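Undergrad: For reference, the structure I am asking about is given below.
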Amino acid sequence: MTEPLLKVTGLTVEFLGRHGTVRAVDDVSFTIGRGEIIGLVGESASGKSTLGLALMRMVPSPGRISSGSISLEGQDLAALSEAEMRTVRGSRISLIVQDALATMNPVTTIGEQIEEVIRDHGDRSSRAERMTRAATMLREVRLPNVDQNLRRFPHELSGGMQQRVAIAEGLVLGPQVIIADEPTTALDVTVQAQILSLLREICDTRGTSIVFVTHDLATVAEICDRVMVMYAGRIVESGTVREVFRQPAHPYTKALLSGLLPLAGEPLAELDTLSGQPPRPEDWPTGCRFHPRCPLGEALDHPEICMTDDPHVDESQPHWAACHFAELQQPALTEEVAG
Amino acid sequence: MLQYVIRRILIVIPLLLALSVLLFLYVHAVPGDPIAGMLGPNGSPELIAQIRADRGLDRPLLEQYADWLAGLFRGDLGVSLLTGQKITPVVIARIPATVQLTLMSLFFTILIGLPAGFVAGRHRGTWIDKVLSPAALLGLSMPVFWIGTLLILVLAVNLHWLPTGGYIPFTQNPARSLQLTFMPAFALGIHLSPFLARMVRATTIELQQEQFVIQASMKGLLPRTITYRYLLRNAIVPVLVILGLQLGTLLGGQVIIEQLFNWPGIGRLLVEGAIQRDYLVVQSLILVIAAVYVIVNLGVEVLHAWLDPRVRL
Numbered sequence: 001m002t003e004p005l006l007k008v009t010g011l012t013v014e015f016l017g018r019h020g021t022v023r024a025v026d027d028v029s030f031t032i033g034r035g036e037i038i039g040l041v042g043e044s045a046s047g048k049s050t051l052g053l054a055l056m057r058m059v060p061s062p063g064r065i066s067s068g069s070i071s072l073e074g075q076d077l078a079a080l081s082e083a084e085m086r087t088v089r090g091s092r093i094s095l096i097v098q099d100a101l102a103t104m105n106p107v108t109t110i111g112e113q114i115e116e117v118i119r120d121h122g123d124r125s126s127r128a129e130r131m132t133r134a135a136t137m138l139r140e141v142r143l144p145n146v147d148q149n150l151r152r153f154p155h156e157l158s159g160g161m162q163q164r165v166a167i168a169e170g171l172v173l174g175p176q177v178i179i180a181d182e183p184t185t186a187l188d189v190t191v192q193a194q195i196l197s198l199l200r201e202i203c204d205t206r207g208t209s210i211v212f213v214t215h216d217l218a219t220v221a222e223i224c225d226r227v228m229v230m231y232a233g234r235i236v237e238s239g240t241v242r243e244v245f246r247q248p249a250h251p252y253t254k255a256l257l258s259g260l261l262p263l264a265g266e267p268l269a270e271l272d273t274l275s276g277q278p279p280r281p282e283d284w285p286t287g288c289r290f291h292p293r294c295p296l297g298e299a300l301d302h303p304e305i306c307m308t309d310d311p312h313v314d315e316s317q318p319h320w321a322a323c324h325f326a327e328l329q330q331p332a333l334t335e336e337v338a339g
Numbered sequence: 340m341l342q343y344v345i346r347r348i349l350i351v352i353p354l355l356l357a358l359s360v361l362l363f364l365y366v367h368a369v370p371g372d373p374i375a376g377m378l379g380p381n382g383s384p385e386l387i388a389q390i391r392a393d394r395g396l397d398r399p400l401l402e403q404y405a406d407w408l409a410g411l412f413r414g415d416l417g418v419s420l421l422t423g424q425k426i427t428p429v430v431i432a433r434i435p436a437t438v439q440l441t442l443m444s445l446f447f448t449i450l451i452g453l454p455a456g457f458v459a460g461r462h463r464g465t466w467i468d469k470v471l472s473p474a475a476l477l478g479l480s481m482p483v484f485w486i487g488t489l490l491i492l493v494l495a496v497n498l499h500w501l502p503t504g505g506y507i508p509f510t511q512n513p514a515r516s517l518q519l520t521f522m523p524a525f526a527l528g529i530h531l532s533p534f535l536a537r538m539v540r541a542t543t544i545e546l547q548q549e550q551f552v553i554q555a556s557m558k559g560l561l562p563r564t565i566t567y568r569y570l571l572r573n574a575i576v577p578v579l580v581i582l583g584l585q586l587g588t589l590l591g592g593q594v595i596i597e598q599l600f601n602w603p604g605i606g607r608l609l610v611e612g613a614i615q616r617d618y619l620v621v622q623s624l625i626l627v628i629a630a631v632y633v634i635v636n637l638g639v640e641v642l643h644a645w646l647d648p649r650v651r652l
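This is the structure:
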């Protein structure tokens, strides 16, 4: 395999709070190849959005990246100065978020927003040329009536159109990586499907890689190549969508998947429902962070190793899970999803 | 937009009519006869009655009101009770002084308040903010007559840089005119800018937490694009609302400052009218001031809609 496009090693994000330092993202490593869509799945507060922001070096204060490297085509983003990082943001790595409207300047037209991005990344052509470039990009994301919509303000567009504009803005400079944080969650189902297929198409035609942050496994099954499951600041399972969905090796993944499929008429086995809340970063459990809620641990009568030791992980494997008893995991009842 | 403006004007008309009734009744309910007051001890009852008849004050109230109202629609504010002169030309003569003072005051208000508030908000919690915010509080707590007196004391009495007061029309001698406007306008600017500064500071702080401003950094925009296009441009909107309110108030005449600096504007005319119990002047003038205030605010709303496309009129 050639050098991966993006290689994240030991990335740790710390927040300095009143109760000391908390690690929202703890020692996360992964790679993304060119044109690959990788799903980052987890509950709220699992650290998935923080990880997305960390890749942009935009962790909100008082958080900071305390260690690790983010290597984009061999260049370590974590080591860049803020001014250098600015030139990377929006041009080589961009972020698309859920609420597109909230990300746009309310007093600037669609065309101007995109034109500003092009200009601020050092394009010395005329304003009219930059506008044309913006229009071309908007056509590529299939925004209807581009000529009129260029002159409209963000709030005048529908939700789906706003998201297309946000995608166009993120794509206009041809970034290698897009971080898409729940980009379709706010949209209704038909528009969601359109936006997803648009993202997939962009990936295929432009060779752009996408880190797709979501809590929605159905979306992952639909467009992702690989999936990483995040829990309590760590990646607990990683593999191709097919492998992970057919044979989840981590009890947490399995629980997530069974939550996805409350099959008609088939009551959920008690084992598959997750009790309790995900832990907060200020009190991650010791040992395996999932052990207080783990149905497998319960079935095995709470083995001590789960409470004391971090599960060892061989991240070089194409499919791995951070569980002491991964091999005991039953095949999931989710064949249909991976289907 | 046009429809909205027309609708607003249609709302304003009954408002002003109601105000005119109130003003009229108020002025006529005030104890003391202005004619008797004007003539003093020399006023024989016959003379008083004659002048009252002359000014139409002996007619039924309703008739007097109708007369006044009819005049208003023709742009005729009535006749001074004391001098018998028409009021409209007197008011018009005072307008340039007040407008000039208003514009200069707003200029100083913006000059001081906008940058101070913006910088304080942008550098919230730093030493700049810690200097500017108490300074704004200090400005807020100083009464305008005291600021004015202080300016006169320092700039006119001690340093002899400026005369203590007075007014020359701009058309007569622009340089001299501006020089004379400086002190009253600057005093008002110091007085009004803290409101603006606090508003701008709060808005700027709020804006910096807005997702679209945070997102601006994610797009890799230049810091100056974020400062001007994202922050300042959006902060202008509430600024405009504040300035509109202040403009309306200022155009109504600055009673205290005009008095202090011997400035022949609307505010002083009002004071003169009140002191001389020339009630018709007071009555008409207040109505004019109210109308100006309402119209200015309407203008501000229209401008607001133009600056913030989310506002639909």
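Residue numbers (this note's numbering), protein chains in the order written: chain F, 1 to 339; chain R, 340 to 652.
Beta carbons are placed, not taken as given, at the ideal position from N, Cα and C, and that holds for glycine.
The structure displayed is predicted, hence computed values, not measured ones.
1) So, helix, strand or coil for T422 of chain R, using DSSP?
2) For A536 of chain R versus I486 of chain R, is the C-beta distance shorter than 8 Å?
3) Can you pull the chain F residues whose beta carbon is under 7 Å from the beta carbon of Y569 of chain R, in chain order?
4) Taking Q547 of chain R as the query, report the chain F residues whose CB atoms sit under 8 Å from its CB, ordered along the chain.
5) Per the DSSP calculation, S67 of chain F is bridged to which residue(s)?
6) Straight-line CA distance for I114 of chain F to H121 of chain F?
7) What are the boundary residues of the beta strand (DSSP E) that includes T21 of chain F?
8) When Cβ atoms are compared, which residues of the region 461-481 of chain R fall closer than 9 Å to chain F?
9) Can you tell which of R:W407, R:E385 and R:L642 has the C-alpha that lies nearest to the C-alpha of G395 of chain R?
10) Select from the region 78-107 of chain F all residues with a C-beta closer than 8 Å to any C-beta belonging to chain R, and list them in chain order.
11) Taking DSSP as the reference, what is the three-state secondary structure of D204 of chain F?
12) Among residues of its own chain, excluding the 5 on either side of Q622 of chain R, which ones have a beta-carbon nearer than 7 Å to its beta-carbon?
13) Three-state secondary structure (DSSP) at W500 of chain R?
14) Return helix, strand or coil for D283 of chain F, following the three-state DSSP convention.
15) Please classify K558 of chain R: does DSSP put it in a helix, a strand, or coil?
16) Buried or exposed: W466 of chain R, going by 16 or more other Cβ atoms within 10 Å of its Cβ?
17) Considering only the alpha carbon of each residue, which of F:T253, F:M161 and F:Q162 lies closest to G239 of chain F?
18) With 8 Å as the threshold, decide whether the Cβ of L560 of chain R is near any Cβ in chain F.
19) Only counting the same chain, and skipping five residues up and downstream in sequence, which positions put a Cβ closer than 7 Å to that of H250 of chain F?
20) Can you check whether the C-beta of P577 of chain R is within less than 8 Å of a C-beta belonging to chain F?
21) By the three-class DSSP mapping on this structure, what secondary structure does L528 of chain R have?
22) Measuring alpha carbon to alpha carbon, tell me which residue in F:A193, F:R151 and F:P248 is nearest E222 of chain F.
23) Quick one: grab the DSSP three-state call for G74 of chain F.
24) Could you tell me the alpha carbon to alpha carbon distance between I210 of chain F and L445 of chain R, rounded to whole angstroms?
25) For the beta strand (DSSP E) containing A180 of chain F, name the first residue and the last one.
26) Does the region 75-85 of chain F come into contact with the region 21-39 of chain F, if we say contact requires no fewer than three beta-carbon pairs (one atom in each stretch) closer than 8 Å?
27) At least one CB of chain F closer than 8 Å to the CB of M557 of chain R: is that the case?
28) Find the nearest neighbour of P577 of chain R within the set R:G456, R:Q615, R:R607 and R:E385, judged by alpha-carbon distance.
29) State the DSSP-derived secondary structure class of F212 of chain F, mapped to helix, strand or coil.
30) Bridge partners of R226 of chain F, per DSSP?
31) For my contact list, L400 of chain R and L626 of chain R are in at a C-beta cut-off of 8 Å; report their separation, rounded to the angstrom.
32) Taking the alpha-carbon of I596 of chain R as reference, which of R:A405, R:Y506, R:I374 and R:P473 has the nearest alpha-carbon?
33) In this structure, how does DSSP classify V633 of chain R when only helix, strand and coil are distinguished?
34) Under 8 Å between C-beta atoms, does F457 of chain R make it to chain F?
35) Here's a check: name, in chain order, each residue in its chain whose Cβ is nearer than 6 Å to the Cβ of Q593 of chain R, leaving out the five neighbours to either side.
36) Assess contact between the region 88-101 of chain F and the region 174-184 of chain F, defined as three or more Cβ pairs (one per stretch) separated by less than 8 Å. Is contact present?
TA: The answer reads as follows:
1) As a working mapping, residue 422 of chain R is identified with position 83 in the second sequence. If DSSP states are grouped into helix, strand and coil, T422 of chain R belongs with coil.
2) As a working note, residue 536 of chain R is residue 197 in the second sequence. As a working note, residue 486 of chain R is residue 147 in the second sequence. At least 8 Å separates the beta-carbon of A536 of chain R from that of I486 of chain R.
3) Your numbering for residue 569 of chain R matches position 230 in the second sequence. The answer, in chain order, is N105.
4) The count along the second sequence starts at 1 and reaches residue 547 of chain R at position 208. Near Q547 of chain R there are no residues of chain F at all, since even the closest Cβ is about 11 Å away, more than 8 Å.
5) By 1-based counting over the first sequence, the position of residue 67 of chain F is 67. Residue pairing from DSSP places S67 of chain F in a beta bridge opposite F:T12.
6) In the first sequence, the residue the question calls residue 114 of chain F occupies position 114. In the first sequence, the residue the question calls residue 121 of chain F occupies position 121. Each residue's Cα considered, the two are about 11 Å apart.
7) For the purposes of this step, residue 21 of chain F is taken as residue 21 along the first sequence, with counting starting at 1. Segment G20 to I32, the beta strand (DSSP E) holding T21 of chain F.
8) Across the region 461-481 of chain R, no CB contact with chain F closer than 9 Å is found for any residue.
9) Walking along the second sequence from the start, residue 395 of chain R turns up at place 56. Restricting attention to R:W407, R:E385 and R:L642, the CA atom closest to the CA of G395 of chain R is found in R:W407.
10) R86, T87, V88, R89, G90, S91, S94, L95, V97, D99, A102, T103, M104, N105, P106 and V107
11) Translated into positions along the first sequence, residue 204 of chain F becomes position 204. Of the three classes helix, strand and coil, the one that applies to D204 of chain F here is helix, per DSSP.
12) For the purposes of this step, residue 622 of chain R is taken as residue 283 along the second sequence, with counting starting at 1. Excluding sequence neighbours, Q622 of chain R sits near L362, F363 and V366.
13) Along the second sequence, one-based indexing puts residue 500 of chain R at 161. Residue state, collapsed to three classes: coil.
14) Walking along the first sequence from the start, residue 283 of chain F turns up at place 283. Residue state, collapsed to three classes: helix.
15) Locating residue 558 of chain R in the second sequence gives position 219, counting from the first residue. Of the three classes helix, strand and coil, the one that applies to K558 of chain R here is coil, per DSSP.
16) Along the second sequence, read from residue 1 onward, the residue named residue 466 of chain R stands at position 127. W466 of chain R comes out exposed.
17) On the first sequence, position 239 is the one that residue 239 of chain F refers to. Closest option to G239 of chain F, Cα to Cα, is F:T253.
18) For this step, residue 560 of chain R is matched to residue 221 along the second sequence. So yes, L560 of chain R belongs to the interface.
19) Here residue 250 of chain F refers to the residue found at position 250 when the first sequence is read from its first residue. Contacts found: V229, V236, E237, A321, A322, C323 and A326.
20) Start at 1 with the first residue of the second sequence, and residue 577 of chain R comes out as number 238. No, P577 of chain R lies away from the interface with chain F (no Cβ there is under 8 Å from its Cβ).
21) The residue labelled residue 528 of chain R in the question sits at position 189 within the second sequence. In the sequence under discussion, the amino acid at residue 528 of chain R is Gly, which differs from the Leu named in the question. Here DSSP, grouped into helix, strand and coil, assigns G528 of chain R to helix.
22) For the purposes of this step, residue 222 of chain F is taken as residue 222 along the first sequence, with counting starting at 1. Distance check between E222 of chain F and each of F:A193, F:R151 and F:P248 places F:A193 closest, using alpha-carbon atoms only.
23) By 1-based counting over the first sequence, the position of residue 74 of chain F is 74. Looking at G74 of chain F - three-state DSSP - the assignment turns out to be coil, as it is neither helix nor strand.
24) Residue 210 of chain F sits at position 210 when you count from the first residue of the first sequence. Residue 445 of chain R sits at position 106 when you count from the first residue of the second sequence. Approximately 52 Å between the Cα atoms of the pair.
25) Position 180 of the first sequence, counting from 1, holds the residue named residue 180 of chain F. Unbroken beta strand (DSSP E) run through A180 of chain F: V177 to D181.
26) no
27) In the second sequence, residue 557 of chain R corresponds to position 218, counting from 1. Using a Cβ-Cβ cut-off of 8 Å, M557 of chain R counts as an interface residue toward chain F, since at least one Cβ of chain F sits closer than that to its own.
28) Position 238 of the second sequence holds residue 577 of chain R. Cα-wise, what sits closest to P577 of chain R is R:G456.
29) Residue numbering aside, residue 212 of chain F sits at position 212 when the first sequence is read from its first letter. Looking at F212 of chain F - three-state DSSP - the assignment turns out to be strand.
30) The sequence position of residue 226 of chain F within the first sequence is 226, counting from 1. BP columns for R226 of chain F point to F:I38 and F:T240.
31) Sequence index remark: in the second sequence, residue 400 of chain R carries index 61 (1-based). Sequence index remark: in the second sequence, residue 626 of chain R carries index 287 (1-based). In fact, because the Cβ distance is near 17 Å, the residues do not count as touching under 8 Å.
32) Here residue 596 of chain R refers to the residue found at position 257 of the second sequence. Looking from the CA of I596 of chain R, the closest CA among R:A405, R:Y506, R:I374 and R:P473 belongs to R:Y506.
33) Position 294 of the second sequence holds residue 633 of chain R. V633 of chain R: helix per DSSP, three-state reduction.
34) As a first step, residue 457 of chain R is located in the second sequence; it is residue number 118 there, counting from the start. No, its Cβ sits nowhere closer than 8 Å to a Cβ of chain F.
35) To locate residue 593 of chain R, count along the second sequence from 1; it is residue 254. Closer than 6 Å at Cβ, skipping near neighbours: G606.
36) yes
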